[in-house]
Amino acid sequence: MDQKRLFLAIAISIAILLGFQYLMPHPPAPPHPPATSEQAQGGPSQGGQTPSGQTPSGETLSGATGAGTAGPASGAPGASAQAKANAVPKNVPRVRIEAPRVAGSISLLGARIDDLELKDYRDTLAPDSPLVRLLEPRSDPQPYYVQYGWTAPAGESAGQSAAGQSASGQPAAGQPAAGQPAGQSTGQTLKLPGNDTVWSASAPSLGVGKPVTLTWDNGAGLTFEIVLSIDENYMFTVEQQVKNATGAPVSLFPWARIRRDYTPNVAGYYVLFEGLLGVVDGTLQETTYAKTKSEGEKRDGLAYDATATGGWAGITDKYWMAALVPDQSVASTVNFRHVAEDGDHYQVDYVTKAPQTVAPGATAALASRVFAGAKVVRLLDQYENEYKIPNFDKAVDFGWFYFLTKPIFYALDFLNGLLGNFGLAIMLFTVCVKALFFPLANYSYRSMSKMKLLGPKMTALRERFKDEPQRMQQEMMGLYKIEKVNPASGCLPMVVQIPVFFSLYKVIFVTIEMRQAPFFGWIHDLSAVDPTNVFNLFGLIPFDPTVISPFLQMGAWPLIMGVTMFLQQKLNPPPPDPMQARLFQLMPIVFTFMMARFPAGLIIYWSWNNLLSIAQQWLIMRRTRLARPGLART
Numbered sequence: 003m004d005q006k007r008l009f010l011a012i013a014i015s016i017a018i019l020l021g022f023q024y025l026m027p028h029p030p031a032p033p034h035p036p037a038t039s040e041q042a043q044g045g046p047s048q049g050g051q052t053p054s055g056q057t058p059s060g061e062t063l064s065g066a067t068g069a070g071t072a073g074p075a076s077g078a079p080g081a082s083a084q085a086k087a088n089a090v091p092k093n094v095p096r097v098r099i100e101a102p103r104v105a106g107s108i109s110l111l112g113a114r115i116d117d118l119e120l121k122d123y124r125d126t127l128a129p130d131s132p133l134v135r136l137l138e139p140r141s142d143p144q145p146y147y148v149q150y151g152w153t154a155p156a157g158e159s160a161g162q163s164a165a166g167q168s169a170s171g172q173p174a175a176g177q178p179a180a181g182q183p184a185g186q187s188t189g190q191t192l193k194l195p196g197n198d199t200v201w202s203a204s205a206p207s208l209g210v211g212k213p214v215t216l217t218w219d220n221g222a223g224l225t226f227e228i229v230l231s232i233d234e235n236y237m238f239t240v241e242q243q244v245k246n247a248t249g250a251p252v253s254l255f256p257w258a259r260i261r262r263d264y265t266p267n268v269a270g271y272y273v274l275f276e277g278l279l280g281v282v283d284g285t286l287q288e289t290t291y292a293k294t295k296s297e298g299e300k301r302d303g304l305a306y307d308a309t310a311t312g313g314w315a316g317i318t319d320k321y322w323m324a325a326l327v328p329d330q331s332v333a334s335t336v337n338f339r340h341v342a343e344d345g346d347h348y349q350v351d352y353v354t355k356a357p358q359t360v361a362p363g364a365t366a367a368l369a370s371r372v373f374a375g376a377k378v379v380r381l382l383d384q385y386e387n388e389y390k391i392p393n394f395d396k397a398v399d400f401g402w403f404y405f406l407t408k409p410i411f412y413a414l415d416f417l418n419g420l421l422g423n424f425g426l427a428i429m430l431f432t433v434c435v436k437a438l439f440f441p442l443a444n445y446s447y448r449s450m451s452k453m454k455l456l457g458p459k460m461t462a463l464r465e466r467f468k469d470e471p472q473r474m475q476q477e478m479m480g481l482y483k484i485e486k487v488n489p490a491s492g493c494l495p496m497v498v499q500i501p502v503f504f505s506l507y508k509v510i511f512v513t514i515e516m517r518q519a520p521f522f523g524w525i526h527d528l529s530a531v532d533p534t535n536v537f538n539l540f541g542l543i544p545f546d547p548t549v550i551s552p553f554l555q556m557g558a559w560p561l562i563m564g565v566t567m568f569l570q571q572k573l574n575p576p577p578p579d580p581m582q583a584r585l586f587q588l589m590p591i592v593f594t595f596m597m598a599r600f601p602a603g604l605i606i607y608w609s610w611n612n613l614l615s616i617a618q619q620w621l622i623m624r625r626t627r628l629a630r631p632g633l634a635r636t
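Quick note: the sequence shown uses this note's numbering, first residue 3, plus one each step.
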């Protein structure tokens with residue numbers, strides 16, 4: 003039975019070891035060079051369908067004629083990088099964004115929200131570190147932006163914009179979503195706004211309570227307007243309007259997209275999702291950049307598409323996200339796309355399933371929203387409740403243990419509000435967890451205490467029946483039954499706390515509230531590894547040992563954790579076999595090296611949990627010894 007208990011404990015330890023090694027980051031793929039060429043763009047097509055004669059990257063450049071494209075593009079094939087770079091002017095007319103938590107601008111060339119900084123967050127802990135920049139214009143090395151537009155239904159074509167180029171900001175005439183009418187087929191050419199359309203603005207800046215209207219008149223009786231407003235956080239409200247001054251009705255498909263014209267460096271953690279995601283028809287959809295690329299190669303760039311009413315979709319990083327929130331009462335087709343032309347380009351877009359018909363002299367409008375900012379949990383919950391956005395909080399990767407992870411986050415966030423320090427909140431939370439599992443731990447520690455006091459009797463039984471293994475097992479089981487001892491109970495506290503441990507790890511690692519949250523002393527970021535290292539004498543030697551191997555990361559807190567694990571182990575009854583005892587003695591060393599690269603907040607939790615367990619176990623063992631003083635002598 004002792005061997006079974008030993009093997010169970012070793013199996014649990016190995017499972018944790020292998021599991022966390024699997025969860026640790028894999029070396030990220032080499033980053034793609036940033037796109038330096040023209041990122042000429044195409045808008046979404048209905049249901050991912052491509053009109054005859056068009057390719058998903060068939061957008062024409064400035065000065066060309068023809069219809070717009072049915073899919074995203076990254077430049078005309080064969081065009082030189084220099085020519086395309088010249089087609090993206092750096093100095094364009096802009097509308098400033100002046101809001102409490104974001105700053106930036108909107109390009110009037112193409113009507114893009116393409117310049118956005120987050121005022122509350124910096125790249126590093128340095129006070130002069132640059133602000134986090136979320137969105138960038140096409141003329142910059144890493145283009146990332148939001149754009150709105152319209153496309154024509156089947157039977158009509160998108161003609162040239164006033165700038166003299168094809169209306170490449172939207173799909174060309176094509177089939178609408180399956181099962182929907184194509185709209186009025188008049189054979190006319192609709193002049194729609196495109197990438198090189200220059201819009202006019204109603205005001206020089208956008209702010210809270212100060213909306214801005216972007217306007218473009220196609221010169222043929224249609225006036226297009228995009229009304230933008232922003233709240234005090236990260237939510238933009240967008241209203242697309244079309245005014246029809248012609249003598250005939252006009253049908254159009256409004257669309258919106260988020261475009262990222264480079265492959266970002268991802269953390270490479272299995273427990274963290276970064277890429278294209280959304281909630282479509284009530285289901286969370288997640289597609290990594292690699293999968294978007296591989297699936298797109300099979301389907302002409304389209305990696306995912308679905309039609310539903312409501313939901314949201316966007317592109318997420320670890321802490322930041324840009325997400326489209328269509329009108330929750332209008333059916334739309336959501337698409338995830340990849341275009342491999344002059345680099346890798348990723349796009350999330352939606353287009354209304356049915357066209358909007360604008361009667362002569364009337365105005366048609368469609369309101370939607372776009373989130374662009376930090377994934378603050380309570381803020382996402384607020385937006386979810388206020389705007390009825392389904393599962394908007396799942397933008398934060400709480401993982402499989404969502405039912406534990408999110409309550410744990412709320413508990414830590416509440417305790418942080420009381421104590422003013424997330425490190426102290428983790429320690430108080432640990433006390434609460436210990437109190438919750440106190441009855442189970444008491445039972446386990448009592449059994450282990452009795453096991454330790456039974457050591458002499460068990461040794462005597464082994465000596466007496468060393469030639470009769472079966473009889474020896476029977477006698478030992480009888481002894482356990484008489485003394486009411488469960489030899490496997492020592493594993494219970496570890497087993498029941500594994501889900502809590504994993505959930506706490508997720509909270510510390512993925513929530514922005516923990517980002518750059520300080521503790522005391524040398525811990526300035528609980529979500530990062532302990533910055534000290536014993537192998538360079540805690541900074542006295544100007545050398546980074548992790549250059550040789552990542553396993554040479556050994557900070558002060560991991561050492562504290564290892565020492566507490568060793569002390570706790572000394573309180574447990576040692577295995578009778580010397581080899582087994584040596585294996586147990588190695589476990590604190592193995593766990594110390596394994597967890598040295600984990601977030602400091604998790605190491606503090608484990609160390610504090612060990613100290614509480616030591617105190618609890620010592621007290622129980624002392625009481626057991628006092629209550630049964632003769633047990634150890636028999």
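Positions of the beta carbon are idealized from the N, C-alpha and C atoms, including for glycine.
Paired residues, beta bridge with residue i - DSSP
i           : result
residue 526 : Answer is none; residue 526 lacks a bridge partner.
residue 97  : 108
residue 218 : 226
residue 307 : 337
residue 608 : Per DSSP, none; premise fails for residue 608.
Close Cβ partners of residue i (< 6 Å) along its chain, the five nearest in sequence each way excluded
i           : result
residue 278 : 289, 294, 317, 338 and 350
residue 617 : none
residue 585 : none
residue 222 : 193
residue 421 : 427
residue 359 : 251 and 253
residue 297 : 305
Residue of the options minimising C-alpha distance to residue i
i           : options               : result
residue 214 : 109, 593 and 224      : 109
residue 231 : 553, 408 and 241      : 241
residue 405 : 535, 152 and 508      : 508
residue 1   : 468, 460 and 470      : For the chain, the structure presents residues 3 to 636; residue 1 sits outside this window and is missing.
residue 259 : 150, 610, 387 and 334 : 150
residue 588 : 328, 322 and 572      : 572
residue 501 : 402, 416, 517 and 544 : 402
residue 313 : 243, 389, 210 and 547 : 389
residue 370 : 376, 126, 354 and 296 : 354
residue 533 : 555, 543, 518 and 595 : 555
residue 95  : 326, 545, 203 and 284 : 203
residue 284 : 308, 265, 303 and 292 : 308
residue 430 : 113, 470 and 609      : 609
residue 391 : 266, 418, 237 and 438 : 237
residue 291 : 247, 341 and 302      : 341
residue 439 : 116, 611 and 119      : 611
Distance CB(residue i)-CB(residue j) smaller than 8 Å
i           : j           : result
residue 208 : residue 99  : yes
residue 245 : residue 153 : no
residue 425 : residue 504 : no
residue 410 : residue 506 : yes
residue 268 : residue 276 : yes
residue 136 : residue 324 : yes
residue 143 : residue 234 : no
residue 261 : residue 352 : no
residue 91  : residue 254 : no
residue 372 : residue 326 : yes
residue 218 : residue 239 : no
Simplified DSSP assignment, three categories, for residue i
i           : result
residue 428 : helix
residue 113 : coil
residue 543 : coil
residue 433 : helix
residue 196 : coil
residue 581 : helix
residue 413 : helix
residue 407 : helix
residue 556 : coil
residue 152 : strand
residue 267 : coil
residue 184 : Note that residue 184 scores a pLDDT of 32, beneath 50, so its modelled location is shaky; the value from the coordinates is reported in the next line. Coil at residue 184, not helix or strand.
Same chain, Cβ closer than 8 Å to residue i, neighbours up to 5 away in sequence not counted
i           : result
residue 408 : 379, 395 and 400
residue 386 : 392, 393, 394 and 395
Own chain, CB closer than 7 Å to residue i, minus 5 neighbours either side, in chain order
i           : result
residue 418 : 424 and 427
residue 621 : none
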